[in-house]
Amino acid sequence: MKNKIDYADFYERVGRTNGWNFSSMNVVSENIGWNFYEEVVRHTRSSDLLLDIGTGGGEAVLSIAEEALLLVGIDLAQGMIETAQQNILAAEAHSAGTHSNVRFLHMDAEKLYFPDYFFNVVSSRHSGFSASEVFRVLAQGGIFLTQQVSEHDKSNLSEAFGRGQSLGIQPGTLMERYKHELQIAGFHDIQVREYNVVEHYATPEDLMFLLTHAPIIPDFGKVETDFERFQQFVNEHHHEKGIRTNSARFMITARK
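Everything in the sequence shown is counted per this note's numbering, starting at 30 for the first residue and increasing by one.
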């Protein structure tokens with residue numbers, strides 16, 4: 030897959046230093062449509078086995094550890110899994126409890142090393158997945174939930190830098206592709222939700238953290254004009270609430 034090749038080194042580096050932990054950023058998204066892992070919890074029973082694909086540093090899985098019997102997070106980047114293992118230890122030290130029902134494994138989503146019908150719930154947030162593999166490992170009646178970044182996310186940033194993950198791609202392309210793949214795999218009751226909201230980053234440092242820890246602008250900082258364009262972007266998009274951009278997401282839920 031394209032992203033796997035283009036961003037492999039990036040995910041390894043960020044995984045070892047940060048995982049997908051953006052809690053230090055001061056950013057406000059206005060009227061988002063949902064919280065993804067709250068949606069996952071809503072569909073999860075305490076007796077369920079849950080698989081999280083592209084788990085990153087495991088922050089989300091650890092935050093919902095009490096909601097399922099077993100939670101397994103997988104990621105293709107070894108650096109992410111190393112950070113996730115460290116986060117287990119940190120979480121246990123902080124809470125004085127154990128997370129013995131949580132496992133983090135280095136694994137490719139295209140080839141899941143789990144038995145058929147093993148999980149009741151599978152989630153994937155901003156990560157690629159194989160619809161057929163998800164279908165295989167889900168129990169009959171199980172549910173798959175995925176949240177993905179829409180093509181028009183951070184559109185003013187892509188325009189300012191002249192490059193971006195999805196610059197020039199028709200909005201809805203990824204959503205339609207995933208819907209089709211899920212149908213072909215055998216899923217039914219496929220439902221889609223979308224939102225596109227205004228987002229404000231409190232300071233230039235908050236926005237800089239995002240651009241250096243997420244692949245929104247490919248190879249950010251390696252192009253000679255990047256920091257000049259960054260400053261220009263900050264000047265042009267600074268409002269009372271912060272530096273303005275947009276957050277665009279879609280969520281698909283599907284039943285086996």
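All C-beta atoms in this analysis are idealised placements derived from N, C-alpha and C, irrespective of residue type, glycine included. None of these values were measured; they are calculated from a predicted model.
Excluding the 5 residues flanking Glu59 on each side, which residues of the same chain have their C-beta closer than 6 Å to its C-beta? Residue mapping note: residue 59 aligns to position 30 of the sequence shown, counting from 1. Result list for Glu59: Val226 and Val227, in chain order.
Limits of the beta strand (DSSP E) - the one that His242 falls within: Mapped onto the sequence shown, residue 242 falls at position 213. Segment Pro233 to His242 is the alpha helix (DSSP H) holding His242; no beta strand (DSSP E) there.
Asn47 in three-state terms, based on DSSP: Stepping through the sequence shown from its first residue, residue 47 is reached at position 18. Note on Asn47: pLDDT 44, under 50, position unreliable in the model; the coordinate value appears next. It is coil, neither helix nor strand.
Apart from the five residues just before and just after Asp137, which ones in its own chain have a Cβ nearer than 6 Å to its Cβ? In the sequence shown, counting from the first residue as 1, residue 137 sits at position 108. If we look at Asp137 and ignore the five residues flanking it on each side, its Cβ neighbours are Leu105.
Provide the residue span of the alpha helix (DSSP H) that contains Asp182, from first to last. Here the question's residue 182 lines up with position 153 in the sequence shown. Unbroken run through Asp182: none, as it is neither H nor E.
From the DSSP output, read off the bridge partner residues of Arg284. Here residue 284 refers to the residue found at position 255 when the sequence shown is read from its first residue. Bridge partners of Arg284: Ile172 and His217.
Cβ contact (3+ pairs, closer than 8 Å) linking the segment 172-181 and the segment 56-74: yes
What does DSSP give as the partner residue(s) for Tyr230 in the beta ladder? Residue 230 sits at position 201 when you count from the first residue of the sequence shown. In DSSP, Tyr230 forms a bridge with Val56 and Ile272.
Taking Ile93 as the reference, give the member of Gly108, Ile117, Ile110 and Thr112 with the closest Cα. The count along the sequence shown starts at 1 and reaches residue 93 at position 64. Nearest option by C-alpha distance: Ile117.
In the DSSP output, what is Arg222 paired with across the bridge? Here residue 222 refers to the residue found at position 193 when the sequence shown is read from its first residue. DSSP output for Arg222 lists Met280 as bridge partner(s).
Any idea if Phe256 is buried or exposed, counting beta-carbon neighbours within 10 angstroms, 16 or more meaning buried? Taking the sequence shown and counting its residues from 1, one reaches residue 256 at position 227. Phe256 comes out exposed.
Neighbour-count burial assignment, Thr84, 16 or more Cβ in a 10 Å radius: On the sequence shown, position 55 is the one that residue 84 refers to. Buried, by the Cβ-count rule.
If you measure between the beta carbons of Asn185 and His266, is that distance less than 8 Å? One-based indexing of the sequence shown puts residue 185 at position 156. One-based indexing of the sequence shown puts residue 266 at position 237. It is a contact, given that the beta carbons lie within the stated cut-off.
Taking DSSP's pairing of strands, which residues face Ile103 in a bridge? The residue you call residue 103 lines up with position 74 of the sequence shown. Looking at the DSSP assignment, Ile103 forms a beta bridge with Ile82 and Leu134.
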